[in-house]
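For this note's numbering, add 3 to where a residue sits in the sequence shown, where the first one is 1.
Reviewing the structure listed below.
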Amino acid sequence: MNFSLDFSSLAPYWPVFLRGAWLTLKMTTVAVIVGVSIGVIIAFAKSSKNVLVARACGAYIEAVRNTPFLVQIFLLYFGLASLGVHMPTFAAAVLAMIINIAAYAAEIIRAGIDSVPRGQIEAAECLGLSTWRIRWHVMLQPAIERVYPALTSQFLLMMQASAMASQISAEELTAIANTVQSDTFRSLETYIVVAALYLVLSVLVKLLAYGFGEYIFKRRRTIRRAALLARRSPKSMLPHLPMASAAGALTPVSHAPFIHGVSKPRDVVEGSAS
């Protein structure tokens, strides 16, 4: 069996691949922004004192997390169409992604909120802060900072799961690959290119998430700057000093008699006695 990789037949399709990658990135961006915003509301609502609201949010989270994402897309696209509600493929795919990521983000953020010490919240209440200021400054911001790596991983998983939108003919990257390989009959080369594009998109999302985290979490920069200054302090330079100066720096003060609670040198005491 003679087989060799040949990417030359895919050269005319590069604009098509880039268009599919751009659509995938756009779908993920819209889903992440809207989904996380809804997830924050659901996270607080699940901890609400209203039992019905808390149970409804819990039921929504369990329903989404325990059903396949592909089935959710089919329910929105084909199920609503059978009821007379017809949506474009892009809108159906993005809506399914929003519903999915909102449930996962809500549970992640709720775990971060539960990790905030109760005493910190009570201290804010004693200071007379309003409920919204307590939830934003005291609860939500520290919670997001703690669970930010988990949220970033969820963003990447959502971008990769967007490939299932090809099942409803949404023209994202995987759907473009299916079209190209059916035209060129170069399946291996086509999916190698698609895998490389997904890898580039994943690295891009990681870099964007890291930069965004460094911008909004100022405490990280402060801690890192303090650690850098501590490494550059004179104490760290002490082992590099000559032996004589280091020994002199570590030599204790000679013993002097203790008179009336004040330690004075011996010659000063003797001079005052004479």
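Glycine included, each C-beta is placed from N, C-alpha and C at the ideal position.
Keep in mind the model is a prediction, meaning the values are calculated, not measured.
{"Query": "Own chain partners of GLU192 with C-beta closer than 8 Å, once the 5 adjacent residues on each side are dropped", "Result": "LEU8, ASP9, PHE10, SER12, LEU13"}
{"Query": "TYR151 to VAL39 span [Cα, whole Å]", "Result": "12 Å"}
{"Query": "Nearest neighbour of ILE147, chosen from LEU55, ILE219, ARG235, TYR63 [CA to CA]", "Result": "ILE219"}
{"Query": "CA nearest to the CA of MET90, picked from SER172, LEU231, ALA127", "Result": "SER172"}
{"Query": "Contacts around ALA48, its chain only, beta-carbon distance under 6 Å, and the 5 residues preceding and following it disregarded", "Result": "VAL56, CYS60"}
{"Query": "Cβ neighbour criterion (16 or more within 10 Å) applied to ILE101", "Result": "buried"}
{"Query": "Separation of GLY214 from ILE124, as counted between CA atoms", "Result": "29 Å"}
{"Query": "Expected contact under 8 Å - CB spacing of ARG149 and SER118 to nearest Å", "Result": "6 Å"}
{"Query": "Span separating the alpha-carbon of ALA108 from that of GLU128", "Result": "27 Å"}
{"Query": "Cβ-Cβ distance between ASN181 and SER165 below 9 Å", "Result": "no"}
{"Query": "Contact check, ILE104 vs ALA46, beta carbons under 9 Å", "Result": "no"}
{"Query": "Backbone CA spacing between LYS29 and SER156 [nearest angstrom]", "Result": "18 Å"}
{"Query": "Segments of 4+ residues assigned as alpha helix (DSSP H) that fall wholly inside the segment 45 to 122", "Result": "54 to 68, 72 to 77, 92 to 117"}
{"Query": "C-alpha distance - ARG58 paired with SER185, whole-angstrom precision", "Result": "48 Å"}
{"Query": "Close-in-space but distant-in-sequence residues of the same chain around VAL33 (CB under 6 Å, 5 per side omitted)", "Result": "VAL97"}
{"Query": "Every unbroken alpha helix (DSSP H) inside the segment 131 to 196 [4 residues or more]", "Result": "144 to 164, 176 to 187"}
{"Query": "Member of PRO120, ALA233, GLU175 whose CA lies at the smallest distance from the CA of PRO18", "Result": "GLU175"}
{"Query": "Straight-line gap, TYR194 to LEU159 (C-alpha atoms, nearest Å)", "Result": "19 Å"}
{"Query": "Any non-hydrogen atom of the ligand GDP within 8 Å of THR177 CB", "Result": "In terms of ligand content, the structure shown is empty, and the ligand GDP therefore cannot be addressed."}
{"Query": "Cα-Cα separation between LEU143 and GLY122, rounded to whole angstroms", "Result": "15 Å"}
{"Query": "Given VAL43 as reference, the closest of ILE116, VAL88, GLY82, MET167 once Cα atoms are compared", "Result": "ILE116"}
{"Query": "Nonlocal neighbours in the same chain, by C-beta distance under 6 Å from GLY131, ignoring five residues either side", "Result": "none"}
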